[in-house]
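Sequential numbering from 31 applies to the sequence shown in this note's numbering.
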Amino acid sequence: MRRVVQSFLHARQLLLSPTTTAAAFATTSTNTMPPTVMRRGWVCAECRRNLFRKTAVRGVHSMLPNPAAEEGNAEARTTEEQRKKAATGNGNGNGARGGEKMSLGSQPLAQFIEETLDLSPQLPDFNKRTPVTVARLLFESDVAKPSNNRFVDLPQHARNWELWRTLLIFRKRTFQDQGVKDVWKGMKMRGAFDLPTVGYDADVFWGIFVDAGLKDAEFLNEVVEYAKELSERTNREAQWAPLYDEIILHHLTNMSENTVPLHWTLFPEFGSQNWGKLFQKAWEKQLHPKCHHLARKIHATLPRPTMYRYVIRSLCQRNEHYEAWRWHKHFLKHGDIPRESSAANELVEHNAQTGRKGMLEHILRSFDRGGIPIVESTIRTALQSRRSPTEAADIIFSLGPDIPNEAKADRFWCTLFSLVPVKEAFAYAMDFGKGCVVGEATVEKAMKLLERDREETAMILERTGLSVKLPDYPPPILQPQATPMDPSNIQLQHLLREGQIRNALAYLAQLQQSSTPLSRQSVALLFSALLRPRAPGKRPMHVPHIFPYGKDIDATTLLLFSLQRSGTKIPFVLWKELFRRLGMTQRLEELESLAFKLIRVYRPNGIPEISRENPYRKLFTPTVQRAFVEWGFLHMSDQLWGVQVLREMKSQGVYVDTRSVFRAVRVRAARMEGIDAASAEQLVERVSKEFGERVGDPEVLIRDRIEGRMFGDAEEDLREEIKQERRAGQSPGEQDEEGW
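Below is the structure:
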């Protein structure tokens, strides 16, 4: 009897109507005193009797109505027949050790059971005879055998998807894939009815069946044939949308030879919800080139695909530029072309940075041959990304009519005048500028180079062959850098100090549209407000913030680049703080991307590499270079990451001192346990091979170990360097306002 009561106690919240007394009891807490332990059972706080039940239902019995307990006559609660059963150990309940028997009055227990079986109107036809037990579920879910005495055999439950779903989940949990096949067989045995294709039930049924089919080709074919038959019978109205994606994604990831045959089995009756996302998910799980090969085979069969922009950008973001180039050629061959060349700007940028001169020319020509219109942003990307802007300009102008004059517009010529020496820029304008229209940006840049006024500069540009179009009204005369007392900056700083970040960003957008420059104090205060606070030497805090954790760095980086493009001078100390935050949070890929983007932004324009006026030396100081190497050692998956980055920086014109590299190696080697002559030699050899030249002597590492020398981390030195630069560039009273 005890087990019967416990089963009802567990099931009543699911079975009872919300208005019943038992349901109200189930949702209220126990008001009795905590039961005390007597022998091995629980003592009810009201009737003071020893109840042998599990601790999971402690205190429940005290809530049952028991008039006998209220009268204080404990002996009246049992009959002579129950006492005999307690003595012999028979009956439904379990006898207590020591001869005592759990005794609930027959009338209260019957009343409780009747109330428990008073089912909710939302479940009108369920059988009231027995509680749900594991044995009952095993019996009801065994639908693969012919029968006529199960719930699913009743006409009113034949298409009860909630019941079928419960049986399927239970069968899968108990018997794994064999249980799934049993339910599938039982559903087919009980007549031809259509599975749901939309909603939660559809996702459960089809998801479980397909998952089992991916491990059994024969069962998968059976599921696919049923899906095709259902789709054809309903004129493609009854289709489970993720069916194609679930099956093909699995086979693409495992590089199965059945991928393309299965594609033809499903296609064109079934297709992907998003072809680009399908391939991207496959590449995230499988990096082998064969996965790309199978995906290209599938793409070649599609009638009118439009995946160019999505695929090229996702591959470039994953640094798979070689596969992106192969996909580019494949797309052009099969007519999947974007509306304009800006969809491949990331690919153009990579080829301009790392490719040979002929490679950049080849990709630009491929746009014209493939019928992709070349736009201004593409050739500007090539011009900005090439280490030698003059070389990129030669490639662009050598293409002639392949690049229309509409692409060589105002922003392009402004970029050209910014990156190329003045004489060469005007020579390009005289040779190739005929028919090109320039505007305010080019005139402003030429005014600074020629040191002439607006009208005279426009006349000089027109003599070169460029067509100058300016607005009728004169532009406002702006200071190159606003003062801290500028009214616009004061308003922005007020919003930031008040914590009105959203309003401050909206106001900043207005200032950018009106070309209002920002003061150094405004930029620093904006930088402080957007980043999460952190204690010295600690990671950013997990506190309520306008941005999710980690996204504050991304948003701040994008904002600084936007301000830099608009002409605002960004102090190098802000970029160093971003380096530090990305390094301490082990976001090395983002750190590497930021570093090389800054290399493209701050070009030295002829300044010698070793000169202290070189912007690269101001940005990538020896302390920053040491920090890069040490962060790589702390990242156990790729210890020489920092050395690789410095080697690439050196190839792009950044001055890298080998002493800084070896100092970082000494710092990390001093913290290694058990380093000996062989391991020290091996470490130095690995670093030297990766860097491309000898960086130090292994004996120094052994001497440091013997003498017990310890060096400060580059991260701490970088913190001091940032602090000193902030103090040097701040006005009195400004330091306390910045919290980073």
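Quick reminder that beta carbons are idealized off the backbone N, C-alpha and C, glycines included. Please read these numbers as outputs of a predicted model, since none were measured by experiment.
Asked	Found
Over what stretch of residues does the alpha helix (DSSP H) that includes Phe427 continue unbroken?	419–428
Going by the DSSP bridge assignment, what does Ser497 pair with across the sheet?	Val467
Quick check on Ala539: buried or exposed, where buried means 16 or more other Cβ atoms within 10 Å of its Cβ?	exposed
Of all the options Gln310, Trp313, Glu262, Pro319, which has the alpha carbon lying nearest to the alpha carbon of Pro298?	Glu262
Please state whether DSSP places Phe205 in a helix, a strand or coil.	helix
Please report the Cβ distance between Lys438 and Gly469, rounded to the nearest whole angstrom; I am assuming they are in contact, meaning their Cβ atoms lie under 8 Å.	Going by Cβ atoms, the distance from Lys438 to Gly469 rounds to 13 Å, so no, they are not a contact pair.
Let me know if Thr411 comes out buried or exposed under the rule of 16 or more other beta-carbons within 10 Å of its beta-carbon.	buried
Pick out whichever of Glu474, Val695, Gly365, Phe397 has its Cα sitting closest to the Cα of Leu377.	Phe397
Looking at C-beta atoms only, is the number of pairs between the segment 666–678 and the segment 634–641 that lie closer than 8 Å three or more?	no
Let me know if Val182 comes out buried or exposed under the rule of 16 or more other beta-carbons within 10 Å of its beta-carbon.	buried
Going straight from the alpha carbon of Gly465 to that of Pro434, what length do you get?	10 Å
What residues in its chain sit with their C-beta under 7 Å from that of Gly726, if we drop five residues either side in the sequence?	Phe692, Val695, Val714
Just the C-alpha distance for Glu745 and Leu590, rounded to the nearest angstrom, thanks.	23 Å
Confirm, please, whether the CB-CB distance from Leu345 to Pro354 is below 8 Å.	Sequence check: residue 354 is Ala here, not Pro. Closer than 8 Å, so yes.
Given a threshold of 16 other Cβ atoms within 10 Å of its Cβ, counted over all protein chains shown, does Ala758 qualify as buried or as exposed?	exposed
To the nearest whole angstrom, what separates the beta carbons of Arg799 and Asp231, a pair I think is in contact under 8 Å?	Here the chain covers residues 31 to 770 and nothing more, so residue 799 does not appear.
By how many angstroms is the C-alpha of Ile583 removed from the C-alpha of Phe650?	19 Å
Buried or exposed for Asn381, going by 16 or more other Cβ atoms inside 10 Å?	buried
Measuring straight from C-alpha to C-alpha, what distance separates Phe249 and Val240?	9 Å
For Ile490, does the three-state DSSP call read helix, strand or coil?	helix
Under 8 Å by Cβ, that's how I've got Lys215 and Ala174 pegged, so tell me the actual separation to the nearest angstrom.	5 Å
Quick one: Cα of Arg227 to Cα of Leu324, how far?	According to the sequence displayed, residue 227 carries Thr and not Arg. C-alpha separation (whole angstroms): 29 Å.
Within 10 angstroms of the Cβ of Ala455, are there 16 or more other Cβ atoms? Answer buried if so, exposed if not.	buried
According to DSSP, is Ser372 part of a helix, a strand, or is it coil?	helix
Gly597 and Pro645: beta carbons closer than 8 Å?	no
Leaving out the 5 sequence neighbours to the left and right, which residues in its chain are closer than 7 Å to Gln682 when beta-carbon positions are compared?	Arg417, Ile629
What are the start and end residues of the alpha helix (DSSP H) that includes Leu535?	531–543
How big is the Cα-Cα spacing for Phe235 and Val684?	59 Å
Can you tell which of Leu560, Leu480, Leu593 has its C-alpha closest to the C-alpha of Pro578?	Leu560
For Met389, I'd like the list of residues in its chain whose CB is within less than 8 Å of its CB, leaving aside the five on either flank, ordered along the chain.	Asn381
Sort Thr295, Gly365, Ala554, Val730 by Cα distance to His329 and report the nearest one.	Gly365
Compute the distance between the beta-carbons of Arg749 and Gly613, then report whether it is under 8 Å.	no
Please classify Thr160: does DSSP put it in a helix, a strand, or coil?	With a pLDDT of 45 at Thr160, under the threshold of 50, the modelled position of that residue is not reliable, and the figure given next carries that caveat. It is coil, neither helix nor strand.
Since I believe Gln523 is in contact with Ser552 (beta carbons under 8 Å), could you give me their beta-carbon distance rounded to a whole number of angstroms?	6 Å
DSSP state of Lys568, grouped into three classes?	coil
By how many angstroms is the C-alpha of Met219 removed from the C-alpha of Leu198?	15 Å
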